[in-house]
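Quick note: the sequence shown uses our numbering, first residue 74, plus one each step.
Note that the Cβ used here is the ideal one computed from N, Cα and C, for glycine as well.
Note sheet for the following structure.
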Amino acid sequence: MITYLKRNPLIAILVLAFLLRILYTFGYARGIMGIAPEKEETDGYHLIAENLYHGYGYRLVLERPPTLERPPGYPLFLYLLFELFGIRYEIAQFSHALLGVLCCWILFHLGKWIHSDKLGLTCAFLLAIYPPSIEYSARLYSENFYFPLFLAFAYFFCRSSWLGSVGNGFLTGLLWGASILTRGTLLLLPLVIPFGIAFSKHHRVLSRWSKWSIPAILGAALIVFPWTYRNYLLTESFVPVSSWGWAPFYHGIQVSKRMLEWGDLYRVDKDAAKTRYEIVLKRLYDGDEAKAYASPKDYLKHEKVAQELVMEELKANPLGAVGRGFLGIFFTWFQTLGAKLRVFSLIIHLPLMVLFVWGAFLMAKKHHDAFVRAYPALGLILYVNLFQAFVYPHVRYMAPAISLSFIFSGFVLYEIFQNKLSFFSKSVN
């Protein structure tokens, strides 16, 4: 067995990724710490899945109308598991470990396509041992389902840009749409595509991008449309994915104001949510909570108040908001709500951020073709970094882009240690 793994380094890395996640989840989290993720206070995706399983519909809280506050990707994934195995959260955690393995496999193929087998193996290894990915696999976070979608989208995004292929473009769109239905971060990506075209290093860039980007937009629309139509039937309004956008933006502003204090930001986030909800009750229902969720349309009313609060914050101190946003570009790489965990996160992510910047410049300088192939991935990383910096700086929301950045940080390690990687003598199939 050991000889087989030595001859098949990718398999060895995938086995390592699986074992680390299983050991952490069942050996440490559930075993030593006795943590049951279904009892933790999370974003409630698993509660929606449970309500679906019991036939109560897509509801976050049973007494409220069908929710518009959570995108459907991860709840539907959990619901499928529940239909197959019953409500067994150990199965969900086991599936998270398998999704982590899938992420390593995708990242290997992206690194291989951009440059070489050795880069792909380096990237896959970095993701296999990446602590947040291991830790998230034990939790009921939508990132577990979002990671492989995001990385697969990045893979076909890079291929489509390079090849100008209609087929690759359509696959890119399908994955783009699926990622939007899991986490809405990439919903605004079309707004930055013109910048990607303008700064692209690829020859005949306009003809290539137009050839694949139109099928990509159609593919994404095909995936997202059924859910958008569902939201329209409930509210008679255009809600592409969810109504949860301005509310977390408001929470993020409050957290951003305290970035430099290094204190426990959990309470800041909770207080922001409580304050926002109290203002909703006052402005819309004269303080009567019983009227707050009479119909699905109320979710849009609540979001409208959140938008007003965000605009009030921005108008009150626009320069402060800009300044916090630029600080957030750095803080998003390691910021957590817990102060102690933030130190650990900084130790992990500061070197990764340095390696990412170094790797991008090094690849551009030494391997122009590889850099051109990786250019869309670089754009995705920067897009997510800027988006989260100005909306809600938090490493958990940045983590998928950090995983993608292993293409560049892994390139630095490959360049430094390539002589020591000579035992990878054969191509990996």
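### Task
Along the alpha helix (DSSP H) that carries Pro110, what are the first and last residues, could you check?
Residue mapping note: residue 110 aligns to position 37 of the sequence shown, counting from 1. Where Pro110 is concerned, there is no enclosing alpha helix (DSSP H), given that its DSSP letter is neither H nor E.
### Task
Put Trp235 into one of helix, strand or coil per three-state DSSP.
As a position in the sequence shown, residue 235 is number 162, starting the count at 1. It is helical.
### Query
Just checking my contact of Pro144 with Val314 at CB under 8 Å: how many whole Å lie between their CB atoms?
Translated into positions along the sequence shown, residue 144 becomes position 71. Translated into positions along the sequence shown, residue 314 becomes position 241. Contact annotation, Pro144 with Val314: C-beta distance approximately 5 Å; criterion of less than 8 Å satisfied.
### Query
Under the three-state reduction of DSSP, which class applies to Asn81: helix, strand or coil?
The count along the sequence shown starts at 1 and reaches residue 81 at position 8. Coil at Asn81, not helix or strand.
### Task
For the region 350-357 and the region 324-337, state whether three or more C-beta atom pairs, one from each stretch, are separated by less than 8 Å.
no
### Message
What would DSSP say about Pro424, mapped onto helix, strand or coil?
### Response
Mapped onto the sequence shown, residue 424 falls at position 351. Helix at Pro424.
### Query
Any idea what DSSP makes of Asp442, helix, strand or coil?
Here residue 442 refers to the residue found at position 369 of the sequence shown. It is helical.
### Message
Going by beta-carbon coordinates alone, are Leu213 and Leu248 separated by less than 8 Å?
### Response
Counting from one through the sequence shown, the residue named residue 213 turns up at place 140. Counting from one through the sequence shown, the residue named residue 248 turns up at place 175. Taking 8 Å as the Cβ cut-off, Leu213 and Leu248 do not qualify as a contacting pair.
### Message
For Trp406, report the span of its alpha helix (DSSP H) as first-last.
### Response
Looking up residue 406 in the sequence shown gives position 333. Where Trp406 is concerned, there is no enclosing alpha helix (DSSP H), given that its DSSP letter is neither H nor E.
### Task
Return yes when the Cβ of Pro148 is within less than 8 Å of the Cβ of Ala472, no when it is not.
Position 399 of the sequence shown holds residue 472. Position 75 of the sequence shown holds residue 148. Result no, Cβ atoms of Ala472 and Pro148 do not sit closer than 8 Å.
### Message
Whole angstroms are fine: how far does the CA of Tyr126 sit from the CA of His119?
### Response
One-based indexing of the sequence shown puts residue 119 at position 46. One-based indexing of the sequence shown puts residue 126 at position 53. Annotation: His119 to Tyr126 spans about 10 Å, alpha carbon to alpha carbon.
### Query
For Cys231 versus Ala90, is the C-beta distance shorter than 8 Å?
The residue given as residue 231 occupies position 158 in the sequence shown. The residue given as residue 90 occupies position 17 in the sequence shown. Using a Cβ distance threshold of 8 Å, Cys231 and Ala90 do not count as a contacting pair.
### Query
Around the Cβ of Pro321, are there at least 16 other Cβ atoms within 10 angstroms (buried) or fewer (exposed)?
Counting from one through the sequence shown, the residue named residue 321 turns up at place 248. Label assigned to Pro321: buried.
### Query
Nearest to Arg446 by CA position, among Phe481, Lys413, Ala346, Ile296, is which residue?
Within the sequence shown, residue 446 is the residue found at index 373, counting from 1. Among Phe481, Lys413, Ala346, Ile296, the Cα nearest to that of Arg446 is on Phe481.
### Message
Three or more C-beta pairs under 8 Å: does that hold for the region 423-441 against the region 400-407?
### Response
Enough Cβ pairs lie closer than 8 Å, so yes.
### Query
For Tyr465, which of helix, strand or coil comes out of DSSP?
Position 392 of the sequence shown, counted from the start, is the residue given in the question as residue 465. Looking at Tyr465 - three-state DSSP - the assignment turns out to be coil, as it is neither helix nor strand.
### Message
Taking contact to mean 3 or more Cβ pairs, one atom from each stretch, closer than 8 Å, check whether the region 154-162 and the region 189-200 are in contact.
### Response
no
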